[in-house]
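Residue numbers (the working numbering), protein chains in the order written: chain A, 1 to 372; chain B, 1001 to 1457; chain C, 2001 to 2295. Heads up: the structure comes next, in structure tokens.
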């Protein structure tokens, strides 16, 4: 089974790659831009879904890691003029270090305390850029120059090239994450998520395992930040608000926490719903303040409805739908084995240290199946 | 061997669905974008009175489609979200009165929530999908900077940016981009000269927003106000409404005059916090933060509660400010009369305040530029029309526009707020953005609004 | 020295607001083990209700009461309509629902009331008090803010300790299963907790809005700091919420006052540093119970 999986993953990645190329050529340049945006979102959300879904740690500050990746990209491009592939590697490395630092501090924290700490990281870090305008350009940020490579010819649209670069990075990230999650590292994450004590007794270094998850998630966010820098061509603190960090977590959860396809579904919702809601709202001759706020309200309604209708996220719904047609997908057990059907007011003192997405979440129910 | 794994890449079927989603979305969306891209050739920028043609993307025989990015929701929306509807109201008025050579202006402004990433997205949507002929009055410094290179590389006219950053004046690197309002550096210089002249020997304190707006303003102030006079410099961030520490520091420094580059909410907070601290300096406030209508709206509730000690317009009375457009309260002014008429007819729900005036005045300038660009203009025609200068419009000072200068309004007058109205004192002053450039009284005459309300071609 | 006093008092005055938000989060956490991200949005919305009532009746206190009533209703309705169905599902689902609720409320406020700054009156004079000739930097209204939050905290504490409803709430928070077995209708108790949290949020909204002005996003940064205060104090401890709020308010006031222009930029960094230092020594907040983790 394991031997089969890597080709399967690579095959899927290849199919997506081909589709991206075809779509990017067939569709208009604005769609190329949206493909790039979705790929960026997927890269960041995939890292977060690993952190939260597999290792059980929450982060409301991954937007800050995106900021670190983006600023690293801007600074290196500006001062050293290195090629993007080198910049991407450096950006990933820098955010990995940042992730290790945050992970180290976060290793002892759980649940809402971890959420609060990471939330403040997300709020505080971009303000550093304002405090040191000499280096970071203040609120105006730093400009990033990104061009198409010469071999594509002068008429090759920049947006298409951006879509390709972003999609390539996103796909490589997804393949690596898929492999990582099946490796010993992934098993350790799930073991720590499900029961720290048992994991520790089984010889897993709990702290190191949790920190590693933070490093992986931060690295993904950092690469997403680097991609964002070359796509929006400006890195400014206003792009890395707390809304961004919250949107990443939202995408991970409504897509289906802990699942890589879920990262894609979540990203599609986050990127496309506001755009389409705006198109609908502005085409009905409503007053400006009404038309501009309808997409906001609609987005809120979508979040609530998805969570109520698909408790396992959209990927849970997809599995269920595929199951209706008898198509075997990943083991489909939506909402299986929810231990306490009552409100969880009764969390015993010890369970205050449980982490989000633990009880009754699909990761656990499916993992049990694989554990002897 | 583990039998199952939590994380797997999408099965091929799943991927196909994803791709179809994107494809389906795209077909849905692209149908809404009109066939505007076709007409890049034939007519050119002819000035002959031939038939109206689709002379450029976004221009058809009957319409001119332009776009903008505006903070309609989110923390920057208060105040600023009034601007685009006001411009749209003026365009509606122009459309109802003959349009631009018979074409109607279709103004599509999208919400970017003041987030540069979103700006990037919506501006590309406007240009690449909706075929906007030009981007007009895009609001905000960090937001608009995010699309500066895109618009210039695509050769999209990027006119009358709604920000006082001097960065829009870069004719060599950003030939398509034009500023409009009085930039903050010029404004700082004009206010600074007034402070240096009228408050010689007094202690001056600065209170400014910690971004490009505040810092450019302070830069201009520093060109004119001797460093020795400035006893305290306090900045605030718009997300933290507790400005008591800053105001306490200003008070402790003994500042007798506080010059404030702040948005209206923070001018009001400065005033309220000063009341708390028993601090009553003379206030000199930049144009953005001194709009009397907005300010008295913000302070109204406190005036009622404050009882006899704080009443009515007393809270805004005596604020010294500058204006580069006629004062909203000056009912006798022809421009105010015109825009009030348009407001009452097309935008009556919004209060007639400085933001509405701003949006309409910018809209007027755009119509001026379009008329100058010719009957069947290309995109380049609009840019060269502005490069050859525009006649003075609603602003009290002339525009700087030339092939080598893309700044907008070059001067302002100083005034004092009394009874909720900013009253001009002294002449209109013009200057440049350099540290030593002189500040000179404007010798020209004030322009009058055209009788029909639409600029003459 | 005068400055120090002024920084401290204005810090306390804002800290009381953070405390009120923190307290409402603690109430919900104790009942549902859930972080309510919509708490700030609910407070914003109920303050709009207050503005409408003040506008129509001309009475501040009518608006004040209406806001509190709206808070109770909004809290209970939110719990019954969207939170309860999500309980027992993966824990983050309910969190995302509260985020959805926040976004929905902000959108609705924009639709109904527009995006402009609205001025909300203060209950008492906003003119500063003086000790002799020294201005203290606080007004009678600030004193009212502090008094209102403290009184509410006290009432809640007494209610929890001495009334049967309070006892039931504490029992349900401590152990729902045991509480249920002893005949407590846990579901009702949870709804009551949300209603009380809604009331506290509404109180925070009407108390802070004179100092921030009201717009759909006006409570966002207040919420972040209130949340921080709750985490600092310990999410299980109402006392911790108040202490955390005051600590944060005063510290941020000093930072902005003494660190110059970078201090105002770095207020959130200062908040982060405080949080990290506290959590380094007390991973579950200052007032967490003295439980030993079993790892």
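Yeah, the Cβ is synthetic: ideal placement off N, Cα and C, and Gly gets one too.
Can you name, in chain order, every residue of its own chain whose Cβ lies under 7 Å from the Cβ of residue i, other than the five neighbours on each side?
{"i": "residue 121/A", "result": "61, 64, 102"}
{"i": "residue 1267/B", "result": "1260, 1285, 1289, 1290, 1295"}
{"i": "residue 2241/C", "result": "2019, 2022, 2023, 2026, 2229, 2230, 2233"}
{"i": "residue 1452/B", "result": "1097"}
{"i": "residue 76/A", "result": "82, 87, 90"}
{"i": "residue 1346/B", "result": "1089, 1092, 1093"}
{"i": "residue 2093/C", "result": "2086"}
{"i": "residue 68/A", "result": "94, 95, 98, 222, 225"}
What residues are listed by DSSP as bridge partners for residue i?
{"i": "residue 2135/C", "result": "2130/C"}
{"i": "residue 1425/B", "result": "1414/B"}
{"i": "residue 2115/C", "result": "In the DSSP output, where bridge partners are listed per residue, residue 2115/C has none listed."}
{"i": "residue 143/A", "result": "234/A"}
{"i": "residue 1234/B", "result": "1207/B"}
{"i": "residue 1066/B", "result": "1107/B, 1134/B"}
{"i": "residue 1320/B", "result": "1284/B, 1416/B"}
{"i": "residue 1430/B", "result": "1411/B, 1440/B"}
{"i": "residue 949/B", "result": "For residue 949/B there is no data in the structure shown, the boundaries of chain B being 1001 and 1457."}
{"i": "residue 1405/B", "result": "1402/B"}
{"i": "residue 1139/B", "result": "1162/B"}
{"i": "residue 1056/B", "result": "1059/B"}
{"i": "residue 1302/B", "result": "Beta-bridge pairing links residue 1302/B to no other residue."}
Could you tell me which of the options sits nearest to residue i, measuring between CA atoms?
{"i": "residue 160/A", "options": "315/A, 308/A, 35/A", "result": "35/A"}
{"i": "residue 1125/B", "options": "1198/B, 1078/B, 1150/B", "result": "1150/B"}
{"i": "residue 1457/B", "options": "1365/B, 1198/B, 1330/B", "result": "1365/B"}
{"i": "residue 1114/B", "options": "1086/B, 1163/B, 1154/B", "result": "1163/B"}
{"i": "residue 287/A", "options": "1190/B, 1086/B, 1059/B", "result": "1086/B"}
{"i": "residue 2176/C", "options": "2039/C, 2210/C, 2032/C, 2040/C", "result": "2032/C"}
{"i": "residue 2017/C", "options": "2215/C, 2246/C, 2069/C", "result": "2246/C"}
{"i": "residue 261/A", "options": "25/A, 43/A, 158/A, 26/A", "result": "43/A"}
{"i": "residue 2043/C", "options": "2214/C, 2286/C, 2171/C", "result": "2214/C"}
{"i": "residue 23/A", "options": "137/A, 167/A, 204/A, 324/A", "result": "167/A"}
{"i": "residue 6/A", "options": "28/A, 85/A, 172/A, 29/A", "result": "172/A"}
{"i": "residue 1118/B", "options": "270/A, 198/A, 283/A", "result": "270/A"}
{"i": "residue 209/A", "options": "197/A, 220/A, 189/A, 198/A", "result": "189/A"}
{"i": "residue 130/A", "options": "111/A, 216/A, 194/A, 241/A", "result": "241/A"}
For residue i, collect the residues of the same chain with a Cβ closer than 8 Å to its Cβ; drop the 5 residues on either side in sequence, then sort them by chain order.
{"i": "residue 1024/B", "result": "Low per-residue confidence applies at residue 1024/B: pLDDT is 44, beneath 50, and the placement is therefore not dependable, though the value from the model is reported in the following sentence. Within the same chain, residue 1024/B has no close Cβ partners at all."}
{"i": "residue 1287/B", "result": "1182, 1187, 1321, 1322, 1323, 1324, 1354, 1412"}
{"i": "residue 342/A", "result": "With a pLDDT of only 34 at residue 342/A, under the threshold of 50, the placement of this residue in the model should not be trusted; the figure read from the coordinates follows. Taken in chain order, the list of residues that qualify is empty."}
{"i": "residue 1410/B", "result": "1182, 1186, 1397, 1398, 1399, 1400, 1430, 1431, 1432"}
{"i": "residue 21/A", "result": "164"}
{"i": "residue 2271/C", "result": "2225, 2228, 2248, 2251, 2252"}
{"i": "residue 1405/B", "result": "1169, 1171"}
Can you name, in chain order, every residue of its own chain whose Cβ lies under 6 Å from the Cβ of residue i, other than the five neighbours on each side?
{"i": "residue 70/A", "result": "225, 228, 229, 235"}
{"i": "residue 1373/B", "result": "1381, 1382, 1385"}
### Residue ranges of each beta strand (DSSP E) within the segment 1078–1131 of chain B, 3 or longer
Here the runs fully enclosed are 1104–1111.
### Query
Does the segment 85–105 of chain A come close enough to the segment 225–240 of chain A to have 3 or more Cβ pairs within less than 8 Å?
With a cut-off of 8 Å, the segment 225–240 of chain A and the segment 85–105 of chain A count as touching, because enough Cβ pairs lie within range.
### Task
Pair every Cβ in the segment 1422–1429 of chain B with every Cβ in the segment 1234–1251 of chain B, then say whether three or more of these pairs are closer than 8 Å.
The answer is no - the segment 1234–1251 of chain B does not touch the segment 1422–1429 of chain B, with fewer than three Cβ pairs under 8 Å.
### Query
Counting Cβ pairs, one atom from each stretch, are 3 or more of them under 8 Å apart for the segment 2107–2121 of chain C and the segment 308–322 of chain A?
At 8 Å Cβ cutoff, the stretches do not touch.
### Task
Run through the segment 2138–2218 of chain C for me and flag every whole alpha helix (DSSP H) of 4 or more residues, listed as ranges in chain order.
Listed in chain order, they are 2140–2162, 2164–2174, 2176–2181, 2186–2212.
#### Entry: Touching by the beta-carbon criterion (3+ pairs, under 8 Å), the segment 1266–1281 of chain B and the segment 1249–1258 of chain B
A contact exists between the segment 1266–1281 of chain B and the segment 1249–1258 of chain B.
### Task
Taking only runs that begin and end inside the segment 177–249 of chain A, name each unbroken alpha helix (DSSP H) of 4 or more residues, in chain order.
Counting whole runs of 4 or more residues, the segment 177–249 of chain A contains the alpha helix (DSSP H) stretches 184–194, 196–201, 206–232.
### Message
For the structure I just gave you, are there three or more beta carbon pairs, one from the segment 1380–1389 of chain B and one from the segment 1104–1124 of chain B, closer than 8 Å?
### Response
Because the criterion of three Cβ pairs below 8 Å is not met, the segment 1380–1389 of chain B and the segment 1104–1124 of chain B do not touch.
### Task
Count the C-beta pairs between the segment 242–257 of chain A and the segment 38–54 of chain A that are closer than 8 Å, then say yes if the count reaches three, no if not.
With the cut-off at 8 Å, the segment 242–257 of chain A and the segment 38–54 of chain A touch.
### Message
Quick test of the definition: if touching needs 3 or more C-beta pairs under 8 Å, does the segment 2109–2124 of chain C touch the segment 300–314 of chain A?
### Response
Touching, no, given that fewer than three Cβ pairs across the two stretches are closer than 8 Å.
### Query
Touch check for the segment 2064–2071 of chain C and the segment 2197–2204 of chain C: three-plus C-beta pairs under 8 Å?
The segment 2064–2071 of chain C is in contact with the segment 2197–2204 of chain C.
#### Entry: At least 3 beta-carbon pairs within less than 8 Å: the segment 1122–1139 of chain B vs the segment 22–33 of chain A
Touching, per the Cβ criterion.
### Query
Between the segment 1221–1237 of chain B and the segment 1197–1211 of chain B, do at least 3 Cβ pairs fall closer than 8 Å?
Touching, yes, given that three or more Cβ pairs across the two stretches are closer than 8 Å.
### Task
Could you tell me whether the segment 2183–2191 of chain C touches the segment 2073–2082 of chain C, using the rule of 3 or more Cβ pairs below 8 Å?
Cβ pair count under 8 Å is three or more, so yes.
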